[in-house]
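Notes follow once the structure below has been shown.
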Amino acid sequence: MMRCRRATRWMVTALDGELPARRRRALDGHVARCPACRHEMATTAAVLQGVGGLATSSEVPGRLEQATFRRVRLLAAAEAERAATRAWWMRLRLPVLGFATAVVAIVAVGLMRSGDRPLAPRPGDGGRRVVAQAPTKDKPPLVASRERRDPKATATVPAEPPPQLAAAPELFMDLPLLRNMEKLEHFEAIRTTTLDDGGEQSNG
Amino acid sequence: MSRLGIVALLTAMLAAPAVRAQQPRPWHQLSPDEQRRAWENYRRYQQLPENKQRSLEERYQRFQAMPPQDRDRLRQNYETYRGFDPGQRQEFGQKYRRWKSGQH
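If you're matching them up, the sequences are chains Y and Z in order. Just so you know, we're using our numbering here: the first sequence kicks off at 1 and counts up by one. Just so you know, we're using our numbering here: the second sequence kicks off at 1001 and counts up by one.
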């Protein structure tokens, strides 16, 4: 004879029409005899019918949808910002440390070298020249200069110069002078030239 | 050794640095600072048009052929020119154009 516990367990399956016929007959016999299980069966059938009548999806109010999406976007942006800040700091921490070390090293080398020999600034330099060099036999000397130059021109000086430079290094050393050669050849004559309207020119 | 020989030897010893100064120095005799200047100027030179490069080479040949005192004078003038402040340089540029127009 079927017990109420088993009958209750089979009820949902039976109401869905999926209980084998033999079990279904046994269940029906029990429910016919047991008022409690009959009531349980009726209640379960009503619940299943009600659940089956519910829609599987429903319209969400537009304002609720917009508010939800806005909140999601804000949370996502805040999280991205936090992640970016963390990444930025993590990215910078090592290079900054390295850069600071390099600056300290360059300053220290510069101070030591300036104690070894004078830099002999030219007129007009105003003491702006900063040279840090460590020439060795194997490595070309590294040069740092802030001397009224375009930054592209500052570079590592090769240990072995290109043939053209090796052939006439003084040509390139004196390049600024050569570029102004005419002015320099007639320097005094130009200096004493007057700029008044008469355009009178001294004979220098 | 005769007196003339001693005089000749002393003259040669005194003249040697001057002769050496006239000869272009090879790369390895330049100081690190001179090498740096030469290298930077070489890189600028490479960016100049070919006719400008030729013109500079000609000027260099002319400069090398000058007597030492003339070269020294040019160097001295260049140092003075470098020492100009922007206002002085601008004025010098104007005077140069005025002077040059009077040359032709």
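Backbone N, C-alpha and C define an ideal beta-carbon position, used for all residues, glycine too.
Separation of residue j from residue i, as counted between CA atoms
{"i": "M41/Y", "j": "A83/Y", "result": "56 angstroms"}
{"i": "D1033/Z", "j": "E81/Y", "result": "49 angstroms"}
{"i": "M181/Y", "j": "F99/Y", "result": "42 angstroms"}
{"i": "E188/Y", "j": "E1050/Z", "result": "31 angstroms"}
{"i": "S1101/Z", "j": "T101/Y", "result": "56 angstroms"}
{"i": "R5/Y", "j": "L19/Y", "result": "16 angstroms"}
{"i": "E1040/Z", "j": "K1052/Z", "result": "17 angstroms"}
{"i": "Q1103/Z", "j": "L165/Y", "result": "35 angstroms"}
{"i": "A132/Y", "j": "V107/Y", "result": "In this prediction, A132/Y has a pLDDT of 37, which is less than 50 and means its spatial position is unreliable; what the coordinates show is noted afterwards. Approximately 9 angstroms between the Cα atoms of the pair."}
{"i": "A134/Y", "j": "F172/Y", "result": "Note that A134/Y scores a pLDDT of 40, beneath 50, so its modelled location is shaky and nothing firm can be said."}
{"i": "F1092/Z", "j": "D1072/Z", "result": "21 angstroms"}
Local conformation of residue i per DSSP, three classes
{"i": "E160/Y", "result": "coil"}
{"i": "C34/Y", "result": "coil"}
{"i": "R1025/Z", "result": "coil"}
{"i": "L987/Z", "result": "Examination of residue 987/Z is not possible in this model, given that chain Z is present from 1001 through 1104 alone."}
{"i": "F17/Y", "result": "Here residue 17/Y is Gly; the residue named in the question, Phe, does not match the sequence. Of the three classes helix, strand and coil, the one that applies to G17/Y here is coil, per DSSP."}
{"i": "A168/Y", "result": "coil"}
{"i": "D196/Y", "result": "coil"}
{"i": "R3/Y", "result": "coil"}
{"i": "V60/Y", "result": "coil"}
{"i": "N1077/Z", "result": "helix"}
{"i": "S1031/Z", "result": "coil"}
Below-8 angstroms beta-carbon distance, residue i vs any chain B residue
{"i": "A105/Y", "result": "Among the chains of the structure shown, chain B does not appear; the protein chains present are Y and Z."}
Close beta carbons around residue i, own chain, < 8 angstroms, minus the five adjacent residues each side
{"i": "W1027/Z", "result": "Q1035, A1038"}
{"i": "R23/Y", "result": "W10, A14"}
{"i": "G1083/Z", "result": "none"}
Own chain residues within Cβ distance below 6 angstroms of residue i, not counting five before or after
{"i": "A26/Y", "result": "M2"}
Other residues of its chain near residue i: CB distance less than 7 angstroms, five sequence neighbours each side excluded
{"i": "T44/Y", "result": "M11, V12, L15"}
query: What residues from the segment 161 to 173 of chain Y come within 8 angstroms of chain Z, judged by C-beta to C-beta, listed N to C?
result: P161, P162, Q164, L165, A166, A168, P169, E170, L171, F172, M173
- prompt: Given 8 angstroms as the limit, is there contact between the segment 168 to 183 of chain Y and the segment 1071 to 1090 of chain Z, that is, 3 or more CB pairs closer than that?
  reply: yes
query: Going along the chain, which residues of the segment 1023 to 1039 of chain Z sit with their C-beta nearer than 8 angstroms to a C-beta in chain Y?
result: P1024, R1025, P1026, W1027, L1030, P1032, D1033, E1034, Q1035, R1036, R1037, A1038, W1039
message: Count Cβ pairs between the segment 27 to 35 of chain Y and the segment 58 to 78 of chain Y that sit closer than 8 angstroms; are there 3 or more?
response: no
- prompt: Counting Cβ pairs closer than 8 angstroms, one from the segment 35 to 51 of chain Y and one from the segment 60 to 75 of chain Y, do we hit at least three?
  reply: By the Cβ criterion, the segment 35 to 51 of chain Y is not in contact with the segment 60 to 75 of chain Y, since fewer than three pairs of Cβ atoms, one from each stretch, lie closer than 8 angstroms.
query: Taking contact to mean at least 3 C-beta pairs separated by less than 8 angstroms, is the segment 1045 to 1053 of chain Z in contact with the segment 182 to 192 of chain Y?
result: no
query: When you check each C-beta in the segment 67 to 79 of chain Y against every C-beta of chain Z, which residues fall closer than 7 angstroms?
result: Sequence-ordered contacts of the segment 67 to 79 of chain Y with chain Z are nonexistent [C-beta pairs closer than 7 angstroms].
- prompt: Between the segment 1041 to 1061 of chain Z and chain Y, which residues of the former have CB atoms less than 8 angstroms from a CB of the latter, in chain order?
  reply: N1041, Y1042, R1043, R1044, Y1045, L1056, E1057, R1059, Y1060
- request: May I ask you to list, following chain order, the residues of the segment 1086 to 1104 of chain Z that have a beta carbon less than 7 angstroms from some beta carbon of chain Y?
  value: F1092, Q1094, K1095, Y1096, R1098, W1099, G1102
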